[in-house]
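Mapped onto the working numbering, the consecutive letters of the sequence shown carry residue numbers 18 to 143.
Quick reminder that beta carbons are idealized off the backbone N, C-alpha and C, glycines included.
These numbers were taken from a predicted model, which means no experiment stands behind them.
Reviewing the structure listed below.
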Amino acid sequence: MAAMLLTAAAAGCAAADTSTLPRMVVEFSFAPTNTCQGISPEIRLLGVPDGVTTYDVRLTDLDVPGFHHWAQTLGAAGPVIRAGAGVGYFGPCPPSGTHRYQIEVTARDARGRPLAYGDKTVDAGR
Numbered sequence: 018m019a020a021m022l023l024t025a026a027a028a029g030c031a032a033a034d035t036s037t038l039p040r041m042v043v044e045f046s047f048a049p050t051n052t053c054q055g056i057s058p059e060i061r062l063l064g065v066p067d068g069v070t071t072y073d074v075r076l077t078d079l080d081v082p083g084f085h086h087w088a089q090t091l092g093a094a095g096p097v098i099r100a101g102a103g104v105g106y107f108g109p110c111p112p113s114g115t116h117r118y119q120i121e122v123t124a125r126d127a128r129g130r131p132l133a134y135g136d137k138t139v140d141a142g143r
């Protein structure tokens, strides 16, 4: 139940306006275990500000924007989100061809205020 609430919270938080937040650099790639599998990739963040306690993470297929592959709030333990973190991850697995996938990360403080935002888009297919 708690995981579902955190997932729902992340889904709502990601919709907030992030245009005025300081930018973080988001680095990740999809290994074979991250596609068509339930193991999230390692996400490396550069430019994480002081005071971050959680990360809101969202993975979206930009070619099928209504299908969200992952929305999760995770505890921040430094500038790396480990592979396999969280629950509810559904990796890229398009029926055919290549799709564009975006990971968005919002860093938040202990009161839930957004401190920084970053995103990265990569292509992935079967």
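Inter-residue Cα distance where the pair is residue i and residue j
| i | j | result |
| --- | --- | --- |
| residue 132 | residue 142 | 33 Å |
| residue 101 | residue 55 | 8 Å |
| residue 106 | residue 130 | 24 Å |
| residue 99 | residue 93 | 10 Å |
Cβ neighbour criterion (16 or more within 10 Å) applied to residue i
| i | result |
| --- | --- |
| residue 36 | exposed |
| residue 90 | buried |
| residue 61 | exposed |
| residue 115 | exposed |
| residue 81 | exposed |
| residue 45 | buried |
| residue 83 | exposed |
| residue 40 | exposed |
| residue 68 | exposed |
Cutoff 7 Å; reference residue i; Cβ partners in own chain excluding five residues on either side
| i | result |
| --- | --- |
| residue 48 | 58 |
Own chain residues within Cβ distance below 8 Å of residue i, not counting five before or after
| i | result |
| --- | --- |
| residue 110 | 52, 53 and 143 |
| residue 136 | 43, 119, 120, 121 and 122 |
At which residue ranges does the segment 68-95 contain complete beta strand (DSSP E) runs of 3 or more residues, listed in the order of the chain? 71-78 and 85-92
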